[in-house]
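Data first, discussion second: the structure below is written as structure tokens.
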Amino acid sequence: VVFWLGQELRMLEVLDLGFGEQGLAVVSHAVGGAKSVGSGGKRWDGSLALGKWLVDQRRQLASGGEDGHGLVLELGAGCAGIPGLVAHYYLGFPRVVLSESRPQLLSDLERNVRLNKRSRAPAEPEHDGSHRGSGGALDVAFLDWEDPSSYTDWVGRVDLVLGSELLWAGCPALPLVTTLAQLLSASSQARALLLFPPGGRGTEEAFREAVEQVGLVHRTWPICSTAASKPGGEQPSSPAGSAVGVEGGSPEFIVHELRLGPVETKE
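Counting from 1, one number per residue, gives the positions in the sequence shown under the UniProt record's numbering.
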């Protein structure tokens, strides 16, 4: 559905993620809408692909964390925050922060939080006292990974970091990876799951070099956005316990898992 919001043309979508009876409602800037928000104003395919992948892995992705808080932080959430919304409503993480470095997109994120909160009954009672913003257990916050002062509140407190298509050609990778290392310092079980298209839009080499420089453990899983395929070759199992590869063709996206410590293996 395309509609006018003030002087801007917007688009409302109800996304079917293949789990549960209720879809995810997302408002984004329609084609030809406001240009001031740049690339973050549209709903990117990568964010939807990561959301679907998280749903596929929901049984194995822990939602409580060691301390029971299960704090999830989405970086570069854009106008929609699909992976973060999925983590809260489909995976059961009780505390999710949708972050964005462009202040003009924060109101869009808050709108999508309110839209989904009103459209469904919460699975668990709302927490009180520790959550900021109008979203309750879902928070919206400014975060610029090139400015350490913008994320000091979350250093060492995050169980899971999510992000999709965060780097583009010409974007430095080291500030992002350095920020991830600081955010994941809570424990060796904390992880980041980032999704990029193959080649990372010209940033994959710089990204891998930054990961090696910072010393993070790095594993990857090629995925197809339309359907998960069977394990193949010598791919390791996914962070959720089952490999998610693509047989007989090139993957549409790559999920990168990053951790501080060594990855545990089950015998």
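Beta carbons are placed, not taken as given, at the ideal position from N, Cα and C, and that holds for glycine.
| Item | Value |
| --- | --- |
| Figure out for me which residue from 164, 213, 50, 163 has the closest Cα to the Cα of residue 174. | 213 |
| From the DSSP secondary-structure annotation, give me the bridge partner or partners of residue 163. | 194 |
| CA-CA distance, residue 27 and residue 16? | 14 Å |
| Would you say the region 86–102 touches the region 146–166, given that touching needs at least three Cβ pairs under 8 Å? | yes |
| Residue 112: which of 102, 143, 77 sits nearest, CA to CA? | 77 |
| With DSSP run on the structure shown, which of helix, strand or coil describes residue 258? | strand |
| Which residues in the same chain have their Cβ closer than 7 Å to the Cβ of residue 88, if we skip the five residues on either side of it in sequence? | 96, 137, 138 |
| The alpha helix (DSSP H) that contains residue 208, what's its start and end? | 204–214 |
| Can you give me the C-alpha to C-alpha distance between residue 25 and residue 116, rounded to a whole angstrom? | 6 Å |
| For the alpha helix (DSSP H) that residue 56 lies in, which residues bound it at each end? | 45–56 |
| From residue 45 to residue 59, what distance separates their C-alpha atoms? | 23 Å |
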